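Novice:
Below is the structure:
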């Protein structure tokens, strides 16, 4: 009887407290254990962090005014006002840089040939929230092409992929009339790793001179773009070539010799 009375007293005590307290204090040990096991099993999921994005391939940009060889500049812009080029304004040349050349080759009564060359570099770092540098560069390439396609006054626009320049490249050619002359344009947008290279080359004949061939303008633009893309790798090669600390002989090794 004593044992039954104690059990009855315990049941009545539990019935008198709020429901939440009954669950917490009057449930069996096995129920508490299940709840504990459930919490511990979800803990590893809560601790999992988002997968890290791939590291950006390139950390530096080349000097844009030296990214294309002097020989090529002389060939594409024979009478450039400045062979050294005119650098674009940039608040951070490690992320965005550019350079341009222009000149008028005056042939007297035979007329004149005008040429203009511009190259721009944009580098993207990898960002956990924005994505890898390469993916961000891919997105920018698409944007640059969209801007080129909608150039004001452009006529006879053609677009096609280009092989052998970076990891991906597209060429856009078109005609444009300005200052009373017919210009031939070629723009190539290329991506190498996390860097986008945008190069535009155009030309026109003045004072009765013949309009340059669109095929020649495109060929020269491709040639210059290849050099610009190669310059990106060259600008970052210095860091890759540096020997690691472990590769250098230690002082103790020198003394033992």
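Residue numbers (the numbering used here): 5 to 261. We treat Cβ as the ideally placed atom computed from N, Cα and C, and that holds for glycine. Keep in mind the model is a prediction, meaning the values are calculated, not measured.
Residue 62 and residue 127 - do their beta-carbons sit closer together than 8 angstroms?
Specialist: yes
Novice: Residues in the same chain with beta-carbon distance under 6 angstroms from residue 99, minus the five sequence neighbours each way, listed in chain order, please.
Specialist: 127
Novice: Any contact of the region 191–200 with the region 225–242, i.e. 3+ C-beta pairs under 8 angstroms?
Specialist: yes
Novice: Between residue 241 and the rest of its own chain, which residues show a CB-CB distance below 6 angstroms, the 5 nearest in sequence each way excluded?
Specialist: For residue 241, where only same-chain residues beyond five positions count, there are no Cβ hits under 6 angstroms.
Novice: Residue 119 bridges to which residues according to DSSP?
Specialist: 107, 207
Novice: With contact counted as at least three CB pairs below 8 angstroms, one residue from each stretch, are the region 203–221 and the region 106–119 in contact?
Specialist: yes
Novice: Alpha carbon to alpha carbon, how far is residue 209 from residue 94? Give it in angstroms, no decimals.
Specialist: 32 angstroms
Novice: Do you know how far the Cα of residue 161 is from the Cα of residue 109?
Specialist: 27 angstroms
Novice: Which class does residue 96 belong to by DSSP, given the choice of helix, strand or coil?
Specialist: coil
Novice: Roughly how many angstroms separate the alpha carbons of residue 85 and residue 106, rounded to a whole number?
Specialist: Straight-line Cα distance between these residues: approximately 6 angstroms.
Novice: With a threshold of 8 angstroms on Cβ separation, who are the neighbours of residue 134 within its own chain once the five nearest residues in sequence on each side are excluded?
Specialist: 140
Novice: By the DSSP assignment, the alpha helix (DSSP H) with residue 152 in it spans what residues?
Specialist: 137–153
Novice: Under the rule that 16 or more other beta-carbon atoms within 10 Å means buried, what is residue 157, buried or exposed?
Specialist: exposed
Novice: Apart from the five residues on each side of it in sequence, which residues of its chain come closer than 7 angstroms, Cβ to Cβ, to residue 77?
Specialist: Closer than 7 angstroms at Cβ, skipping near neighbours: 84, 87, 105.
Novice: Under 6 angstroms Cβ to Cβ from residue 170, same chain only, skipping five residues before and after it: list those, please.
Specialist: 194, 195, 196, 233
Novice: Out of 56, 179, 174, 96, which one is the CA nearest neighbour of residue 66?
Specialist: 96
Novice: Report all residues from its chain with a CB closer than 6 angstroms to the CB of residue 176; omit the five preceding and five following residues, and keep chain order.
Specialist: Closer than 6 angstroms at Cβ, skipping near neighbours: 152, 163, 191.
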